[in-house]
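Residue numbers (the working numbering), protein chains in the order written: chain R, 1177 to 1291; chain G, -12 to 103. Don't be surprised by glycine CBs; every beta carbon is placed ideally from N, CA and C. Just so we're clear, the structure is a prediction, and the values are computed from it rather than from any experiment. All remarks here apply to the structure that follows.
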Amino acid sequence: LAKTTQPISMDSYEGQEVNITCSHNNIATNDYITWYQQFPSQGPRFIIQGYKTKVTNEVASLFIPADRKSSTLSLPRVSLSDTAVYYCLVGDRTYSGAGSYQLTFGKGTKLSVIP
Amino acid sequence: DGGITQSPKYLFRKEGQNVTLSCEQNLNHDAMYWYRQDPGQGLRLIYYSQIVNDFQKGDIAEGYSVSREKKESFPLTVTSAQKNPTAFYLCASSIVGTSPSTDTQYFGPGTRLTVL
Chain R
1177 LAKTTQPISM DSYEGQEVNI TCSHNNIATN DYITWYQQFP SQGPRFIIQG YKTKVTNEVA
1237 SLFIPADRKS STLSLPRVSL SDTAVYYCLV GDRTYSGAGS YQLTFGKGTK LSVIP
Chain G
-12 DGGITQSPKY LFRKEGQNVT LSCEQNLNHD AMYWYRQDPG QGLRLIYYSQ IVNDFQKGDI
48 AEGYSVSREK KESFPLTVTS AQKNPTAFYL CASSIVGTSP STDTQYFGPG TRLTVL
């Protein structure tokens, strides 16, 4: 599984656009980039997934440069309800032993939206 | 309502006791997962099952056991061999597509286990 690096925390005011960048220097050719959102004491929720260039859905956009060594999750006009931890997950299935898998969400980025 | 349910939400056990956490899904997903989350940390995979009666160990399977007798159910047993069992446990499910790290996972609400 490709190692990812994200900022530990970010603050933003309501109504602003927020960009969270994830670095994944050793991304493999077959790897996709997936972002999840997690509120306290809840399970993560899928936000968006992409392979290259730009992907947009009703809640976010994902920008991936040509070299795919990083990606940026963009949240337009955040509100207080967007305060959460955001995880970047990159990779294909990786065997860590006979029939076992590695699949780890990093520590994520804690986004705090300020009124 | 389609989704994943985990019960109970909070669980307290004495040290040395085995405890089983429930996970049920009605999304008709073939794949199911168990993760552990410690305070301020990300999620780490405990077990993964792609099909009934088959499952694979994840990053931190030691001290845990699972069964997959039905497509809808994937219970996790935390045994007395798990040295630090107090954590937030999350169950997830997905279709079986490209791989566990790219297939969209749908998570349950979690069970917070405290071992006294």
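When Cβ-Cβ separations below 7 Å define contact, Phe94/G makes contact with chain R. According to the DSSP assignment, Lys44/G belongs to the beta strand (DSSP E) that extends over Asp41 to Lys44. Under the three-state reduction of DSSP output, Asp1258/R falls in the helix class.
Secondary structure of Thr1280/R (DSSP, three-state): strand. The distance from the Cβ of Leu1256/R to that of Val1289/R is about 5 Å, consistent with a contact at the 8 Å cut-off. For Asn15/G and Asn1233/R, the gap between their C-alpha atoms comes out near 25 Å.
Under the criterion of beta carbons closer than 8 Å, Ile33/G and Tyr22/G qualify as touching, at roughly 6 Å. Taking the Cα of Gln(-7)/G as reference, the smallest distance to any Cα among Leu63/G, Thr91/G and Pro72/G is reached at Leu63/G. For Gln1213/R, the enclosing beta strand (DSSP E) has its first and last residue at Ile1209 to Gln1214. Ranked by Cα distance from Lys1286/R, the options Ser9/G, Asn13/G, Pro26/G and Ala68/G are led by Pro26/G. Beta-bridge annotation (DSSP): Lys(-4)/G is not paired with any residue. In this chain, Ile1203/R is not harboured by any beta strand (DSSP E), its DSSP state being neither H nor E. Per DSSP, the continuous beta strand (DSSP E) segment holding Ser1199/R begins and ends at Val1194 to Ser1199. Using beta-carbon distances, Phe1215/R does not count as an interface residue toward chain G, since no partner is under 7 Å. Distance from the CA atom of Thr91/G to the CA atom of Tyr1263/R, rounded to whole angstroms, is 13 Å.
Considering only Ser36/G, Tyr20/G and Phe(-1)/G, the residue with the shortest C-alpha distance to Tyr93/G is Tyr20/G.
Distances from the CA of Tyr1208/R to each of Tyr1227/R, Val1254/R and Ser1217/R were compared; the closest alpha carbon is that of Tyr1227/R. Taking a C-beta cut-off of 8 Å against chain R, the contacting residues of the segment 26 to 46 of chain G are Gly27, Gln28, Gly29, Leu30, Arg31, Leu32, Tyr35, Gln43, Lys44, Gly45 and Asp46, listed in chain order. Flagged as an interface residue toward chain R: Leu77/G, by a C-beta distance shorter than 7 Å. Under the criterion of beta carbons closer than 8 Å, Gly97/G and Ser1217/R qualify as touching, at roughly 7 Å.
Not one beta carbon of chain G lies nearer than 7 Å to the beta carbon of Gly1226/R. Taking Thr1180/R as the centre and dropping the five residues before and after it, the same chain places the C-beta of Cys1198, Ser1199, His1200, Cys1264, Leu1265, Val1266 and Gly1282 closer than 8 Å to its C-beta, in chain order. A direct Cα-Cα distance of roughly 14 Å separates Phe42/G from Glu59/G.
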